[in-house]
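Participant: Numbering (numbering that gives the first Met the number 0), first residue to last: 0 to 169. C-beta atoms are modelled at their ideal positions from N, C-alpha and C, and glycine is treated no differently.
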Amino acid sequence: MDLDQNFTLTRLERRFILSFSLTIFLVVGMVISTSNASVAYGQIGDTKVGVFNHTQTDSSGNTTWINSGNWSMSGINSSSPSLTAIIEMAKPNGSAGHEHEINNFKLIGSPVVENQTIHLNGTSTITMRDGPVTSEPTVIALSQEKIDIYFDPENINNHFENQSISGIVN
0 MDLDQNFTLT RLERRFILSF SLTIFLVVGM VISTSNASVA YGQIGDTKVG
50 VFNHTQTDSS GNTTWINSGN WSMSGINSSS PSLTAIIEMA KPNGSAGHEH
100 EINNFKLIGS PVVENQTIHL NGTSTITMRD GPVTSEPTVI ALSQEKIDIY
150 FDPENINNHF ENQSISGIVN
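(1) Quick check: what's the CA-CA separation for N102 versus S59?
(2) Taking the beta strand (DSSP E) that G49 falls in, what are its first and last residues?
(3) So, for H97: in the same chain, excluding its five sequence neighbours on each side, which residues have a beta-carbon less than 7 Å away from its beta-carbon?
(4) Please name the residue in V50, N169, V168 and V138 whose C-alpha comes closest to that of N161.
(5) Using CA coordinates, which residue listed in T46, Q55 and N61 is at the minimum distance from Y149?
(6) Using the C-alpha atoms, what's the distance from K47 back to V168?
(7) Take G121 and list the residues in its own chain whose beta-carbon comes closer than 6 Å to its own, dropping the five residues that flank it on each side.
(8) What do you get for P131, buried or exposed, if any count of 16 or more other CB atoms within 10 angstroms of its CB means buried?
(9) How is the beta strand (DSSP E) around D147 delimited, first residue to last?
(10) With C-beta atoms as the reference, is M72 less than 8 Å away from S79?
(11) Compare the beta carbon distance of W70 and F51 with 8 Å and say whether it is the shorter of the two.
(12) If I measure Cβ to Cβ from N154 and keep anything under 6 Å in the same chain, skipping five residues before and after, which residues do I get?
(13) If you follow the beta strand (DSSP E) that P180 is in, where does it begin and where does it stop?
(14) On the three-state DSSP scale, how would you describe H118?
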């Protein structure tokens with residue numbers, strides 16, 4: 000009995016095995032890639048709520064405002080996430096208290112997940128002393144533990160001193 004003859008594959012059989020192996024490799028790679036994105040989105044969840052706890056400082060590091068308030072986001076994993084927030088602001092001595100409402104967030108582009116933080120770029124409406132500012136460029140970074148919301152300072156007279164407003168996730 001010739002063992003070499005029993006284990007010799009035809010050219011067509013070798014091509015089939017190679018093609019099949021490459022197909023399996025590509026399919027497994029796509030499943031792992033999709034699974035990683037789903038895990039990152041799933042860990043963030045579709046609805047989050049929390050509170051703001053941010054201290055604004057000037058360029059010298061002096062506290063200028065204390066920011067607090069509540070926020071909620073829903074539809075985080077959708078093409079139209081919703082942000083509702085109230086930022087209460089007061090001077091460190093408790094004077095000049097006022098609040099800003101944020102709503103009407105509209106996502107621009109696609110969310111980006113990086114290190115289990117989802118980054119959402121869009122626009123929102125924010126109430127100011129002279130009335131609401133619509134289409135305010137807004138960037139949101141949301142993880143399991145915290146949120147940072149950044150507003151473009153140009154349209155709101157640098158009201159938040161070019162700093163993001165930070166909070167925690169409940």
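Facilitator: Based on what the coordinates show:
(1) 32 Å
(2) K47 to T56
(3) M88
(4) V138
(5) Q55
(6) 7 Å
(7) F104, K105, L106, I107 and T137
(8) exposed
(9) K145 to F150
(10) no
(11) yes
(12) V132 and E135
(13) Nothing can be reported for residue 180: it is not among the residues displayed for the chain, which extend from 0 to 169.
(14) strand
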